[in-house]
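Protein chains in written order, with our numbering: chain W, 1 to 342; chain B, 343 to 684.
We put the CB at the ideal spot given by N, CA and C, even for glycine.
Remember, it's a predicted structure, so these values are computed and weren't measured experimentally.
Read through the structure below, which is laid out as structure tokens, and then see the notes.
2 protein chains.
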Amino acid sequence: MDEERMNPFGPAPEFTLPSAAGGAVSLPDLAGSYVVLHFFPRTGTPAWAEDVRAFQALLPEFTSLEARVVGIAPDSLSTLARFAANGGLTLLSDPDCAVARAYRAVTPEGRVQRATFLVDRAGSMRWAWWRGKVAGHAEEVLATLRALQAADEAVNPLIHSRRAYRALSGEPVAREALQRLVEAAHLAPSCFNNQPWRFVIAQGETLDRVKGALSGGNYWAKRAPAILALASHRDLDCKLSDGRDYFLFGCGMATGLLMIQATQMGLVAHPIAGYDPHAVKEALGIPEEYVLITLIVIGKRGEASTLSDKHRAIELGPRERKPLSAVVAWNKFGDLYQTEGI
Amino acid sequence: MDEERMNPFGPAPEFTLPSAAGGAVSLPDLAGSYVVLHFFPRTGTPAWAEDVRAFQALLPEFTSLEARVVGIAPDSLSTLARFAANGGLTLLSDPDCAVARAYRAVTPEGRVQRATFLVDRAGSMRWAWWRGKVAGHAEEVLATLRALQAADEAVNPLIHSRRAYRALSGEPVAREALQRLVEAAHLAPSCFNNQPWRFVIAQGETLDRVKGALSGGNYWAKRAPAILALASHRDLDCKLSDGRDYFLFGCGMATGLLMIQATQMGLVAHPIAGYDPHAVKEALGIPEEYVLITLIVIGKRGEASTLSDKHRAIELGPRERKPLSAVVAWNKFGDLYQTEGI
Numbered sequence: 001m002d003e004e005r006m007n008p009f010g011p012a013p014e015f016t017l018p019s020a021a022g023g024a025v026s027l028p029d030l031a032g033s034y035v036v037l038h039f040f041p042r043t044g045t046p047a048w049a050e051d052v053r054a055f056q057a058l059l060p061e062f063t064s065l066e067a068r069v070v071g072i073a074p075d076s077l078s079t080l081a082r083f084a085a086n087g088g089l090t091l092l093s094d095p096d097c098a099v100a101r102a103y104r105a106v107t108p109e110g111r112v113q114r115a116t117f118l119v120d121r122a123g124s125m126r127w128a129w130w131r132g133k134v135a136g137h138a139e140e141v142l143a144t145l146r147a148l149q150a151a152d153e154a155v156n157p158l159i160h161s162r163r164a165y166r167a168l169s170g171e172p173v174a175r176e177a178l179q180r181l182v183e184a185a186h187l188a189p190s191c192f193n194n195q196p197w198r199f200v201i202a203q204g205e206t207l208d209r210v211k212g213a214l215s216g217g218n219y220w221a222k223r224a225p226a227i228l229a230l231a232s233h234r235d236l237d238c239k240l241s242d243g244r245d246y247f248l249f250g251c252g253m254a255t256g257l258l259m260i261q262a263t264q265m266g267l268v269a270h271p272i273a274g275y276d277p278h279a280v281k282e283a284l285g286i287p288e289e290y291v292l293i294t295l296i297v298i299g300k301r302g303e304a305s306t307l308s309d310k311h312r313a314i315e316l317g318p319r320e321r322k323p324l325s326a327v328v329a330w331n332k333f334g335d336l337y338q339t340e341g342i
Numbered sequence: 343m344d345e346e347r348m349n350p351f352g353p354a355p356e357f358t359l360p361s362a363a364g365g366a367v368s369l370p371d372l373a374g375s376y377v378v379l380h381f382f383p384r385t386g387t388p389a390w391a392e393d394v395r396a397f398q399a400l401l402p403e404f405t406s407l408e409a410r411v412v413g414i415a416p417d418s419l420s421t422l423a424r425f426a427a428n429g430g431l432t433l434l435s436d437p438d439c440a441v442a443r444a445y446r447a448v449t450p451e452g453r454v455q456r457a458t459f460l461v462d463r464a465g466s467m468r469w470a471w472w473r474g475k476v477a478g479h480a481e482e483v484l485a486t487l488r489a490l491q492a493a494d495e496a497v498n499p500l501i502h503s504r505r506a507y508r509a510l511s512g513e514p515v516a517r518e519a520l521q522r523l524v525e526a527a528h529l530a531p532s533c534f535n536n537q538p539w540r541f542v543i544a545q546g547e548t549l550d551r552v553k554g555a556l557s558g559g560n561y562w563a564k565r566a567p568a569i570l571a572l573a574s575h576r577d578l579d580c581k582l583s584d585g586r587d588y589f590l591f592g593c594g595m596a597t598g599l600l601m602i603q604a605t606q607m608g609l610v611a612h613p614i615a616g617y618d619p620h621a622v623k624e625a626l627g628i629p630e631e632y633v634l635i636t637l638i639v640i641g642k643r644g645e646a647s648t649l650s651d652k653h654r655a656i657e658l659g660p661r662e663r664k665p666l667s668a669v670v671a672w673n674k675f676g677d678l679y680q681t682e683g684i
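Structure below.
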């Protein structure tokens, strides 16, 4: 991959272009579908025409995988319309190559260079092909899409691999990375968009004071280069009938997103409850009337040898969960697990 | 991509192999680092040797990106050790090709076929190369890793693209997909691993009864093919000092993961609070003493034209959030946003 190439893991640049079938097509309107974006120099060249026709021939299979195949060329709308007449392929006209340029699918001389991008249902690029053989290209894109769809139907790999690890290396974590974690958390939804979460990031001497307030069982968190305190107040969010106070639920959603972001960044983000809340509030200046619902211990993974025997066994052992049937039912609560005495 | 190839978006199969540097290397032990897995037939062939030496030459750059480069070949440990002596590259011996076979990096005749896999910090494959030119290969892997790392430092694309969309198509969602959403939610952590979340998935006639209990503002949710009720009870989770009841916080973390899973699957998962909790509890048989904290409306995205003017404007408008400085502070709570009167 040359330096000049598009980052094939990044967001797909948005665009709106006129379609040979009439009207315009915007990338954001296709969200929820997979999108194959195929940039090609011109329908008039036999090799490129063959390439586009190969996508046309496979269109029913792409459609059955909930994918839209979109060809983009600098040709005029009328040229593209003649070409697409029987095929049903979406062809968009990009006469000044502005979109091709946004995808870096142009030569230094400004001519379109053949490239294909596979965009997922969330609008993110997942695979790219630059130049390469025309023969078999559409088939390879289809096979890659099939693999992607199969992977996307499985449990998200970040959700799957996240664990409440305790062994930390003690390495520092950049301020920017800590801020990115909160940015991700802040994208959570909340009741009436109240955004009830308040984070205080403890580092340096303040962090030492927070560590002094940890319970004995959280000795491992003393190796953390940062701890995020998450506090809120009941009045910061909806208070609805039948016990539905939303502030802690909202903080939970934000923490869920934060943990996923941390896992992507190769960080542990372990929410704990074992600390003296008054001492931590005092150290961080959090108003006493707030609920300090969790401290989120941040760090890079380290050696399990730093842990107690009990914690080492948990760290290296399998994940423990109740069977799914204890927490989910269809249409009737029925036999869902209840603690004794409720 | 042939049908016989490894799914390059799936989890990287685990393995443990002896290293030419002594000891053994397990893939799970490398979690938290990027891993380049390079399968090659033999160090003795000039072309493959050149390939491996190219990785060796770039080792400092891979290391600076927090990546481990691991070469795997059927050669004996002593052959690999002689080859690796000056380079510092991790070379693993896979004499019966069992690991190569797990990665489908073998010919039908059982010989190793050159292939390289880029594994992310969570253990998921993100890119793969099969055969292809030796010249420039290591450089291309490095450039791809650099692009991946840059993307992983940004906000996760599923977190970024998730929105509380209201426009639903009305298309059905498979039972298996609904179950997958709850599976993802059930991987959330919780206080003392109490797993306080209880989901009831409403479909069919029961769904109609739930829809009858929605507030007027949630008219749009009547197009949903399924609604997940999430209920819990204070006694299902830790109740700690200073107002720290964890059950709703835990339900929030689970909902955070569920929304990410839904976004990956091209689904809307929109938690709402506007419903008559008693009527929904009755429809679903949820014990009256439980808190029915949210209904999560599930569906595929549809046309914004089905929405009220107000909701259409929200659906198509920018996302609204307080500035980050209103919800996060360094070391001191200080000026964080508080609602009036607290």
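Is residue i helix, strand or coil when you go by DSSP?
i, result
"ILE286(W)", "coil"
"ARG395(B)", "helix"
"PHE459(B)", "strand"
"PRO514(B)", "coil"
"ARG244(W)", "strand"
"SER325(W)", "helix"
"THR387(B)", "coil"
"HIS270(W)", "strand"
"ALA506(B)", "coil"
"LEU649(B)", "coil"
"ARG661(B)", "coil"
"ARG488(B)", "helix"
"ALA154(W)", "coil"
"LEU37(W)", "strand"
"GLY32(W)", "coil"
List the whole-angstrom C-beta distance separating residue i from residue j, where the pair is believed to meet the contact cut-off of C-beta under 8 Å.
i, j, result
"THR597(B)", "GLY256(W)", "7 Å"
"GLU403(B)", "MET265(W)", "Actually they are not in contact, since the Cβ atoms of GLU403(B) and MET265(W) sit about 20 Å apart, beyond 8 Å."
"GLY302(W)", "ARG223(W)", "7 Å"
"ILE414(B)", "LEU379(B)", "7 Å"
"PHE351(B)", "LEU148(W)", "5 Å"
"ARG121(W)", "GLY32(W)", "6 Å"
"PRO360(B)", "SER435(B)", "6 Å"
"ALA610(B)", "TYR507(B)", "Correcting the residue identity first, residue 610(B) is Val in this sequence and not Ala. Confirmed, Cβ separation roughly 5 Å."
Who are the near neighbours of residue i in its chain, counting only those whose CB is closer than 7 Å to its CB and skipping five residues on each side?
i, result
"ALA226(W)", "VAL173, LEU178, ILE201, ALA202, GLN203, LEU207 and ILE298"
"PRO189(W)", "MET253"
"THR43(W)", "ALA49, VAL52, ALA73, ASP75, THR79, LEU80 and PHE83"
"ARG654(B)", "ALA646"
"ARG661(B)", "ARG505"
"ALA396(B)", "HIS479 and ALA480"
Please return the same chain residues whose Cβ sits closer than 6 Å to the Cβ of residue i, not counting the five positions on each side in sequence.
i, result
"PHE15(W)", "LEU27 and VAL99"
"LEU637(B)", "ILE569, ALA571, ILE614 and TYR617"
"TYR246(W)", "CYS191, ASP237 and CYS238"
"CYS251(W)", "TRP197, LEU230, SER232 and ILE293"
"ARG468(B)", "LEU460, ASP462 and LEU490"
"LEU590(B)", "ILE635"
"LEU214(W)", "ALA221 and TYR275"
Here's the rule I'm using: 16 or more other beta-carbon atoms within 10 Å means buried, otherwise exposed. How should residue i be labelled?
i, result
"PRO538(B)", "buried"
"ALA67(W)", "buried"
"GLY317(W)", "exposed"
"TYR679(B)", "exposed"
"PRO383(B)", "buried"
"PRO95(W)", "exposed"
"LYS310(W)", "exposed"
"SER241(W)", "exposed"
"GLU171(W)", "exposed"
"LEU666(B)", "exposed"
"ARG114(W)", "buried"
Please work out which residues of its chain come closer than 8 Å, Cβ to Cβ, to residue i, disregarding the five sequence neighbours upstream and downstream, and give them in chain order.
i, result
"TYR290(W)", "ARG198, ALA231, SER232, HIS233 and LYS281"
"LYS664(B)", "TYR679"
"GLY430(B)", "GLN398 and LEU401"
"GLU288(W)", "HIS278 and LYS281"
Under 7 Å between beta-carbons, which chain C residues line up against residue i? List them in chain order, please.
i, result
"PRO189(W)", "No chain C appears in the structure shown, which is made up of the protein chains W and B."
Going residue by residue through the segment 398 to 471 of chain B, where are the continuous alpha helix (DSSP H) segments of at least 4 residues, counting only ones entirely within it?
Listed in chain order, they are 401 to 406, 419 to 426 and 440 to 444.
In chain order, which alpha helix (DSSP H) runs of at least 4 residues are fully inside the segment 542 to 595 of chain B?
Correct list: 546 to 554.
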